[in-house]
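Each remark here refers to the structure printed beneath this line.
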Amino acid sequence: MKSRAPVTAVRLGGRPELPLLVLGPALGTTAQTLWTEAAQHLTEHFQVVAWDLPGHGTNRSPVENPFTMSELAAGVLDVVGTIGTALQAPTFHYAGDSVGGAVGLQLLLDAPDRVESATLLCTGAAIGTPESWAERIETVRASGTASLVAASASRWFGQGFLDRAPEAGSALLHALSEADDEGYAAVCAALARFDVRSRLGRITTPVLAVAGSEDAATPPASLREIADGVQDGRLVVLDGVAHLAPAESPLDVARLVREHALGPDPEPAAGIGDGAFGDLVTVLGVDGIWSRPGLDRRDRTLVALTALVAGGHDQDLADHVREARRQGLGRDEIEELLVHAAVYCGLPRASAALRVVRSALADDAEG
Numbered sequence: 001m002k003s004r005a006p007v008t009a010v011r012l013g014g015r016p017e018l019p020l021l022v023l024g025p026a027l028g029t030t031a032q033t034l035w036t037e038a039a040q041h042l043t044e045h046f047q048v049v050a051w052d053l054p055g056h057g058t059n060r061s062p063v064e065n066p067f068t069m070s071e072l073a074a075g076v077l078d079v080v081g082t083i084g085t086a087l088q089a090p091t092f093h094y095a096g097d098s099v100g101g102a103v104g105l106q107l108l109l110d111a112p113d114r115v116e117s118a119t120l121l122c123t124g125a126a127i128g129t130p131e132s133w134a135e136r137i138e139t140v141r142a143s144g145t146a147s148l149v150a151a152s153a154s155r156w157f158g159q160g161f162l163d164r165a166p167e168a169g170s171a172l173l174h175a176l177s178e179a180d181d182e183g184y185a186a187v188c189a190a191l192a193r194f195d196v197r198s199r200l201g202r203i204t205t206p207v208l209a210v211a212g213s214e215d216a217a218t219p220p221a222s223l224r225e226i227a228d229g230v231q232d233g234r235l236v237v238l239d240g241v242a243h244l245a246p247a248e249s250p251l252d253v254a255r256l257v258r259e260h261a262l263g264p265d266p267e268p269a270a271g272i273g274d275g276a277f278g279d280l281v282t283v284l285g286v287d288g289i290w291s292r293p294g295l296d297r298r299d300r301t302l303v304a305l306t307a308l309v310a311g312g313h314d315q316d317l318a319d320h321v322r323e324a325r326r327q328g329l330g331r332d333e334i335e336e337l338l339v340h341a342a343v344y345c346g347l348p349r350a351s352a353a354l355r356v357v358r359s360a361l362a363d364d365a366e367g
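Residue numbers for the sequence shown follow full-length UniProt numbering, beginning at 1 and rising by one.
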């Protein structure tokens, strides 16, 4: 059953075989205005897909009924389910700011097996009060989202941001003024009912909580509550940042998301010129590496196929599959290798490799 709070996907780049990263927006923003610059530093490592709230950005569907944060999270899962060709719904890494972070918490509670890591920015396990959201709804319905621009300009951004990045700030404020009044009000109503503070201890997925030192809406204490409340949490505070960290500090946010999801960039190995790795310089040719002692040819074939799956080298993978068949490796063994690789390389990468392997096996059968 489709969610009563449908969201729309906005693809921000990255190859389909890369790990999937889903990005969530703040109230009043769009996927593109909030995340585009940070995403430019993430697409080398991820397939990046953001989403728009009802009544925001690309999502112009009329809001006919109230919805909950859980239904927003279900809408995100609906969108993720349309990505790729895997028979099984893909897992993904998640990062979200403000209400996007609240949706991230809801995803971790409702679908913990789907989310591999979560970076939650400028958010809280409860945000604001029911009374403050009721006042916001009343203002929007009386005067429209454009009436919120002046107050948001001072609340959203750290000191000096609008002077340093006037175009980015202007685009974000324009997106707020263009948001549908009823869509905005419906998200406010969902936030008024959102409070998962008592359930944080159930969350086992690794969580990085990122706060802005100048954020009055969701101050560092709100992010500390998340980091301390979940089973595997960590807090980072960005100096000089207020409520829209992905736009205010895109390089730092991209680095934090990447390192939390994939681990820190490896340091160059010490002594790489010694021993077998030193020999590698002289045996890097295919014939040399295949004739080394230590592994038989069958084992090296399995290693090579797995490495080609992980690296996304589709043409080489097809050639090696055909060679593996000539060496006596069975079809069922090759398919089992892909199942195993899916666990470690990710379903999107393994699904792309499966298409290559099936094509190569079909060619082999015809030959």
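Built from N, CA and C at the ideal position, the CB exists for glycine as well.
message: I need the straight-line Cα distance from A362 to F46, nearest angstrom please.
response: 30 Å
task: Measure the CB-CB distance between L77 and V210 and report whether it falls below 8 Å.
output: no
- request: Go ahead and pull the three-state DSSP assignment for A50.
  value: strand
query: Which full runs of the alpha helix (DSSP H) of 4+ residues lie inside the UniProt domain "Carboxymuconolactone decarboxylase-like" (288-358), going along the chain?
result: 297-311, 314-326, 331-345
- prompt: Where does R15 land, buried or exposed, given buried means 16+ other C-beta within 10 angstroms?
  reply: exposed
message: On the CB-based measure, 16 or more other CB atoms within 10 Å of its CB, does D215 come out buried or exposed?
response: buried
Cut-off 6 Å between Cβ atoms - residues of its own chain near D239, not counting five sequence neighbours on either side: S213
Closest Cα partner of A342 within the set N65, T306, V237: T306
- prompt: Going straight from the alpha carbon of V63 to that of P54, what length do you get?
  reply: 7 Å
field: Span separating the alpha-carbon of P206 from that of R155
entry: 29 Å
field: Nonlocal neighbours in the same chain, by C-beta distance under 8 Å from R197, ignoring five residues either side
entry: A125, A126, E225, G229
message: So the candidates are A247, A111, A74, T145; which of them puts its Cα closest to the Cα of A168?
response: A247
message: Buried or exposed, going by whether 16 or more other CB atoms sit within 10 Å of the CB of P19?
response: buried
field: alpha helix (DSSP H) segments (min. 4 residues) lying fully within the region 180-224
entry: 181-192
- request: Specify the secondary structure class of R11 as computed by DSSP and reduced to three states.
  value: strand
- prompt: So, is S152 buried or exposed, given that buried needs 16 or more other C-beta atoms within 10 angstroms?
  reply: buried
- request: Report the option in G160, D314, R358 whose CA atom is closest to the CA atom of I334.
  value: R358
message: Quick check: G75 and P6, are their CB atoms within less than 8 Å of each other?
response: yes
- prompt: Taking the continuous beta strand (DSSP E) assigned at R234, which residues delimit it?
  reply: 233-238
6 Å CB neighbourhood of residue 368 in its chain, flanking five on each side removed: Because the chain in this structure spans residues 1 to 367, residue 368 falls outside the shown range and cannot be described.
- request: Please confirm if the region 123-142 is in contact with the region 159-177, defined as three or more CB-CB distances below 8 Å between the two stretches.
  value: no
- prompt: When the Cα atoms are used, what is the spatial distance from V149 to G28?
  reply: 10 Å
query: What is the rounded straight-line gap between the Cα of A217 and the Cα of H243?
result: 7 Å
- prompt: Taking the Cβ atom as the reference point for each residue, do F92 and V22 lie within a distance shorter than 8 Å?
  reply: yes
field: Nearest-angstrom Cα separation, counted from A318 out to V80
entry: 28 Å
message: How far does the alpha helix (DSSP H) with A142 in it extend, from its first residue to its last?
response: 130-143
- request: Label A270 either buried or exposed according to how many other C-beta atoms from any shown protein chain fall within 10 Å of its C-beta, with 16 as the threshold for buried.
  value: Any reading at A270 is ruled out, since the residue's pLDDT is 49, under 50, leaving its predicted position unreliable.
Through-space distance from L329 to A118, alpha-carbon basis: 40 Å
Extent of the continuous alpha helix (DSSP H) to which A254 belongs: 250-262
message: Please state whether the Cβ-Cβ distance between E17 and G263 is less than 8 Å.
response: no
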